[in-house]
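Accompanying notes for the structure given below.
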Amino acid sequence: MRRSWRIPANVATVLLGAIVLLGAIVLLGASLGRADDGAIRSGYALSSAGCGEGSLAFPRLQIDMKAGFCAGLVASRDDGLKFPRNIVQIPGKPLFVVADMGGWGHDDGRLLILDPAAPAGQRVREALTRLSYPFGLAVGPDGKIYASTDTSIFRVDPLAPNPRATVETIIRDLPGRKLTSPDGTRVTESAHPLKAFAFDRTGRLFVNIGSHNDNCFSPAPITRPCAAGEGDSPLAAIWLFTPPTGGVFPALKSGVPDPPHQVFARGLRNSMALALHPRFPDPGMAFLQGENARDLQDVFAPNEEINAIEQGRHYGWPYCYDLATQSPEFKRVLQSGPLKNLCNDSALYKQPWSLLPPHGAPLGMLYYTGDRFQDLKGKLLVGLHGYRPTGSRLLAYDVDENGLPKVSPAPVRYHVSCAAEPTRAFQTASGPAPAAAFDEIISGWHRVNGIRPQGAPVGLTIASDGALWLVEDKNQTVIRIDRSSAAAPAPLPCETRSDQLIDRLAALVIDNAASRARLTTVRKDLVEKHCSGCHSDFGLEAGQSEAEKDKALLRFLLAQDGWIYPGDPDAGRLRQRLRGLGSERQMPPGANLVKTEPGYAKLLDVADDLVARMVPGIRMRVKPGGPPHRKFVAADGRECGDIPFGKVVVVTERFAVNKPGFSRFFRPADTHLNGACTDDNGYYIQQQFLVPL
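So for the sequence shown, the numbering used here puts the first residue at 1; every next one is plus one.
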């Protein structure tokens with residue numbers, strides 16, 4: 001890895017370092033060239049410094065990057081970008097095609113022409129509109145632009161006077177947002193309808209067919225294999241289409257069926273990142289897939305994956321994850337029948353080539369074949385889109401002569417941003433795991449209010465001059481990465497809770513008799529009895545009064561990043577550690593106190609209640625359905641960020657007095673904020689988006 005991380009001796013040391021960093025943030029913001037005119041585009045404060053040269057010099061973004069690289073903002077929401085997911089250069093032209101989904105509404109998608117030489121705010125124009133979930137983009141073997149919807153692959157001349165008239169569909173009946181499973185089950189809204197695709201050098205076409213849901217759950221007990229992943233046209237698979245002689249697919253005429261497909265590989269939940277080595281399909285050359293693994297509440301499990309794809313192999317979904325961990329829901333299926341012991345049967349199941357950071361969400365992957373960055377030549381680049389502390393970055397892997405990432409024995413560590421533990425070793429339920437180590441081209445892309453939003457890279461491409469271009473959907477941007485001779489600026493610190501917010505939360509607890517009683521119980525019966533001395537003193541010192549001890553413990557807990565989310569005990573690491581949930585090691589270690597100590601289980605419930613009830617209000621949940629995130633705003637209408645459905649919030653005004661139709665809720669977690677909204681202005685979400693717990 002690029003950085004050599006030293007794990008602090010205890011959490012208190014980390015806290016002290018965080019406070020020092022936060023105290024320097026104002027000076028850092030000034031030294032990093034914040035724009036004098038206060039110009040902000042897509043949440044980025046533009047600096048006077050540039051990235052690139054001549055007509056390709058763009059405002060440099062304050063992203064933490066490897067020395068020798070810089071990032072320039074080419075286009076933003078001011079140019080009309082709404083939900084960009086992919087990008088590719090038009091051969092022989094200084095122009096790019098951008099696939100913009102527009103959102104998760106049906107038929108909101110567009111193909112856009114991006115002209116980097118046009119004035120800022122005018123760089124994007126529409127080529128095609130009313131597309132359903134456009135995502136994939138590629139230059140085909142014939143040099144034409146190919147794109148996908150949720151059900152089709154087509155080619156188009158985006159520069160024609162009427163691009164719509166040039167559309168030629170080559171595949172049109174892929175399983176999309178509406179589909180029928182191989183067992184006849186009808187799905188009205190597939191969880192993974194997007195179609196990433198890739199051509200090999202012979203013209204063959206590989207298409208991602210995502211799973212219809214997270215883990216193929218059906219009513220318990222599950223006694224049969226997942227029907228959606230079986231048969232000749234499975235979901236959670238990569239389908240192969242082979243062109244006729246000449247290597248180019250003909251346009252489908254009315255009434256003509258799709259060309260036949262083969263199931264190249266199955267057991268792949270959602271293959272949004274595909275990378276074929278330039279010499280593939282020569283024997284042994286790599287075909288890599290970035291797997292978006294199943295969702296779990298645990299921040300550090302399961303790991304994402306890099307899979308080395310081989311024809312006819314099974315890659316585990318929904319039965320196995322990480323390396324060989326069995327999905328507990330399919331225990332019976334894995335005990336007998338054709339899938340018996342699948343996760344340990346190398347003849348049937350191919351384990352991941354390497355693990356990726358958990359919940360990193362790889363959505364873009366390619367081999368660097370340009371000449372601009374000699375230190376990247378031939379390397380594998382992977383963009384991590386995920387919003388958790390393991391995502392929002394761009395990785396570079398050394399590969400062997402076949403294009404496979406070089407795997408090292410355990411322990412292999414990865415960087416975790418904005419966390420008390422800055423690195424972690426790759427591990428599974430069986431312990432530390434081998435993995436391919438990586439360099440970080442972009443390492444720090446967490447949100448820093450007033451300077452930048454959290455990054456969310458998706459599609460990547462290499463321009464004709466060797467520069468890297470990427471699209472970022474959450475903030476509606478196109479970014480160009482170029483060389484830089486300037487020294488890399490100091491990384492921006494993570495924004496943990498401010499002292500003012502900790503004071504506010506502490507006062508809410510201390511001023512409420514029931515909350516104060518819960519805090520005292522947690523201190524006396526849990527922390528002082530079982531936890532103090534294991535990792536730190538939790539702020540407790542000799543000579544403190546009982547009330548001072550309560551306040552010190554509370555402030556310590558609130559200052560730890562990710563430990564407590566007011567109103568939502570399930571989301572915080574405090575609960576995960578106390579109960580040993582997921583891959584978290586239980587605190588205190590080495591003892592099952594729930595079984596051995598009477599009343600301990602009730603004590604853990606008291607800790608949950610302390611978190612759940614520390615802020616006065618009504619606990620409600622962000623309503624599921626539709627887009628995976630809901631936007632929330634300030635009283636004056638400014639967008640503050642977005643929050644995933646299913647998250648719990650504390651509503652302080654169910655029917656907001658000064659904003660009809662909205663509910664006001666307590667300050668959300670920093671990971672959901674994105675912009676310059678303030679606590680004084682408040683946070684509001686449409687009433688219809690909240691449901692009772």
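Heads up, the beta-carbon is just placed ideally off N, CA and C, and yes, glycines get one too.
Taking 8 Å as the cut-off, does the segment 419–434 touch the segment 445–465 (at least 3 CB pairs, one atom from each stretch)?
No, the segment 445–465 does not touch the segment 419–434.
Ordered along the chain, which non-local residues of its own chain (more than five positions away) have a Cβ less than 6 Å from that of S354?
Take S354, set aside five residues on each side of it, and the residues of its chain with a beta-carbon closer than 6 Å to its own are I306, P405, V407, A435 and A436, in chain order.
Select from L604, P453, Q476 and V649 the residue whose C-alpha is nearest the C-alpha of L673.
P453
Compare the C-alpha of A71 against each of G52, R85 and N86 and name the closest.
G52
Using beta-carbon positions only, say whether R110 and L131 come within less than 9 Å of one another.
yes
For the beta strand (DSSP E) containing S430, list its first residue and its last residue.
No beta strand (DSSP E) contains S430, which DSSP labels as neither H nor E.
Run the CB neighbour count on P628, radius 10 Å, all protein chains shown included, and call it buried at 16 or more, exposed below.
exposed
Residues in its own chain within less than 6 Å of S392 by CB, not counting five upstream and five downstream?
W445, Q454 and G455
Using a 10 Å radius around the Cβ and a threshold of 16 neighbouring Cβ atoms, would you call A487 buried or exposed?
exposed
Is the distance from the Cβ of G290 to the Cβ of V382 below 9 Å?
yes
Closer than 8 Å by C-beta to V522: which residues in its own chain qualify, once you throw out the five before and the five after it? Chain order, please.
Taking V522 as the centre and dropping the five residues before and after it, the same chain places the C-beta of L553, L603, V606, A607 and L610 closer than 8 Å to its C-beta, in chain order.
Evaluate contact between the segment 367–379 and the segment 463–480, counting only Cβ atoms and requiring at least three cross-stretch pairs below 8 Å.
Flag = yes, the segment 367–379 and the segment 463–480 touch.
Alpha carbons only, please: which of P141, E597 and I441 is nearest the one belonging to F373?
Put simply, of P141, E597 and I441 the residue whose alpha carbon is nearest the alpha carbon of F373 is I441.
What does a CB cutoff of less than 8 Å around Q122 pick up in its chain, not counting 5 residues either side in sequence?
D79
Taking C-beta to C-beta, are F135 and K195 nearer than 9 Å?
yes
F241: buried (16+ other C-beta within 10 angstroms of its C-beta) or exposed?
buried
Between A160 and D108, what straight-line distance do the alpha-carbon atoms span, to the nearest angstrom?
22 Å
I think N236 touches L268, with their Cβ atoms under 8 Å apart; what is that distance to the nearest whole Å?
Checking the displayed sequence, the identity of residue 236 turns out to be Ala instead of Asn. Contact flag correct, Cβ pair sits at about 6 Å.
Apart from the five residues just before and just after G38, which ones in its own chain have a Cβ nearer than 7 Å to its Cβ?
With a pLDDT of 49 at G38, under the threshold of 50, the modelled position of that residue is not reliable, and no figure is offered here.
Please report how far the alpha carbon of P358 lies from the alpha carbon of E421, in whole angstroms.
15 Å
Curious, which full-length beta strand (DSSP E) runs of at least 3 residues does the segment 574–659 contain?
618–622, 629–633, 639–644 and 648–653
Tell me the DSSP secondary structure of R269 in three-state form.
coil
Quick one: Cα of R714 to Cα of V97, how far?
Absent from the model: residue 714. The displayed extent of the chain is 1 to 693, so no value can be given.
Starting from the Cα of G140, find the closest Cα among R204, T151 and V167 and give me that residue.
R204
Between which two residues does the beta strand (DSSP E) carrying P552 extend?
A quick correction: the sequence has Ala, not Pro, at residue 552. Taken as a continuous stretch (DSSP letters only), A552 belongs to no beta strand (DSSP E), being part of the alpha helix (DSSP H) at E546 to A559.
Spell out the partners DSSP gives T180 in its beta bridges.
Its beta-bridge partners are R186.
What first and last residue would you give for the beta strand (DSSP E) that runs through I502?
Careful: I502 lies outside any beta strand (DSSP E), inside the alpha helix (DSSP H) at D499 to I510.
Within 10 angstroms of its Cβ, does L693 collect 16 or more other Cβ (buried), or is it exposed?
exposed
Helix, strand or coil: which one does DSSP assign to L56?
helix
Kindly give me the distance between the Cβ atoms of R332 and T223, rounded to whole angstroms, as I take these residues to be in contact under 8 Å.
Contact annotation, R332 with T223: C-beta distance approximately 5 Å; criterion of less than 8 Å satisfied.
Check whether the Cβ atoms of R172 and H106 lie closer than 9 Å to each other.
For R172 and H106, no; Cβs fall outside 9 Å.
In whole angstroms, give me the CA-to-CA distance for E548 and Q500.
Distance between the alpha carbons of E548 and Q500: 18 Å.
Does the beta-carbon distance from I510 to R518 come in below 9 Å?
no
Rounded to a whole number of angstroms, what is the C-alpha to C-alpha distance between G33 and L540?
Since pLDDT at G33 reaches only 34, below the 50 mark, its modelled position is unreliable, and the value read off the structure follows with that caveat. When rounded, the distance between both Cα atoms is 41 Å.
Using a Cβ-Cβ cut-off of 7 Å (strictly less than) and excluding sequence neighbours within five positions of W317, which residues of its own chain qualify?
S211, G229, A236, G267, L268 and R269
Nearest-angstrom Cα distance between W104 and D473?
12 Å
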